[in-house]
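Quick note on numbering that gives the first Met the number 0: the sequence shown kicks off at 0 and runs consecutively. From the three backbone atoms N, C-alpha and C, an ideal C-beta is built for every residue, glycine too. Keep in mind the model is a prediction, meaning the values are calculated, not measured. Here the structure comes first, spelled out in structure tokens, and everything after it is commentary.
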Amino acid sequence: MAGGRRRLFFALWPDETVRAQLAALQERLPQAQGRWVHPEDLHLTLQFLGSVEPGRQACIAEAARAVQGEPFELEIDRIDFWSKPRIAWAGPEAVPRPLKRLVRMLAKKLEPCGFEPERRPYKPHVTLVRKSTPVAAMKLPEPILWAVEHFVLVESRPNGDPPHYRPVEGWPLGD
Ligand code: 3AM
0 MAGGRRRLFF ALWPDETVRA QLAALQERLP QAQGRWVHPE DLHLTLQFLG
50 SVEPGRQACI AEAARAVQGE PFELEIDRID FWSKPRIAWA GPEAVPRPLK
100 RLVRMLAKKL EPCGFEPERR PYKPHVTLVR KSTPVAAMKL PEPILWAVEH
150 FVLVESRPNG DPPHYRPVEG WPLGD
């Protein structure tokens with residue numbers, strides 16, 4: 000990675016099939032008013048990094064390479080709403096152990112790069128609508144089955160028109 004400061008985060012990035020299914024969930028929220036996440040931007044954040052100067056970007060890639068994860072299946076089976084950040088989201092009722100381990104390991108490997116581990120408990124979610132009006136929690140009749148085989152580093156360019164996010168590099172989970 001070269002260039003100037005970049006706003007970065009690690010995420011799970013859906014393939015086209017899962018992306019289309021997640022985008023279809025947005026259509027289940029017709030009552031919500033707010034800023035709809037562009038379908039091309041739908042993702043599940045693993046760790047937010049913020050604005051990163053060029054000197055730390057190689058360290059981040061090195062940290063990601065050192066993560067020893069394993070593939071897993073994520074069952075997106077509910078829609079819910081958080082009132083404080085005002086987001087409507089989709090996520091798994093049960094958090095798979097390999098996902099917890101992945102997030103923990105990533106945080107640990109990133110510490111030498113100068114990133115403090117997140118203190119709040121990890122709550123995996125795919126944001127569907129920001130600045131949303133309240134949405135009733137709902138169990139999905141048919142969960143989305145997301146076979147997770149890699150994770151990515153994403154660059155965020157929040158200004159201008161969406162999509163705002165672009166995966167810049169990816170790493171496989173498992174061999
Ligand atoms: O994945 P979601 O959409 O929930 O809100 C930002 C977005 O969350 C969040 O990181 C994701 C990718 O941009 N984010 C933005 N600023 C943040 C911060 N200072 C943050 N998360 C933690 N701390």
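Item                                                                                                                                : Value
Could you tell me how far apart the beta carbons of L73 and L98 are, in whole angstroms, since I believe they sit closer than 8 Å?  : 7 Å
Between S50 and ligand 1, is the CB less than 7 Å from at least one heavy atom?                                                     : no
Taking the alpha carbon of G90 as the reference point, which residue from K130, L41, N158 and G33 has its own alpha carbon closest? : L41
Going by the DSSP bridge assignment, what does H149 pair with across the sheet?                                                     : P171
In whole angstroms, what separates the C-alpha of G33 from that of W145?                                                            : 26 Å
Have a look at F150, D174 and R156 and flag the residue whose alpha-carbon is nearest the alpha-carbon of A60.                      : F150
May I ask which residues mark the beginning and end of the beta strand (DSSP E) holding A10?                                        : R5 to L11
Who are I78's beta bridge partners in DSSP?                                                                                         : A89 and M137
Report, in whole angstroms, the separation of the C-beta atoms of F9 and L152, which I expect to be a contact under 8 Å.            : 6 Å
Between P97 and ligand 2, is the CB less than 7 Å from at least one heavy atom?                                                     : By its list of ligands, the structure shown excludes ligand 2, since it contains just ligand 1.
In the DSSP output, which residue or residues are listed as bridge partners for F114?                                               : DSSP, once it has assigned bridges, lists no residue as partnering F114.
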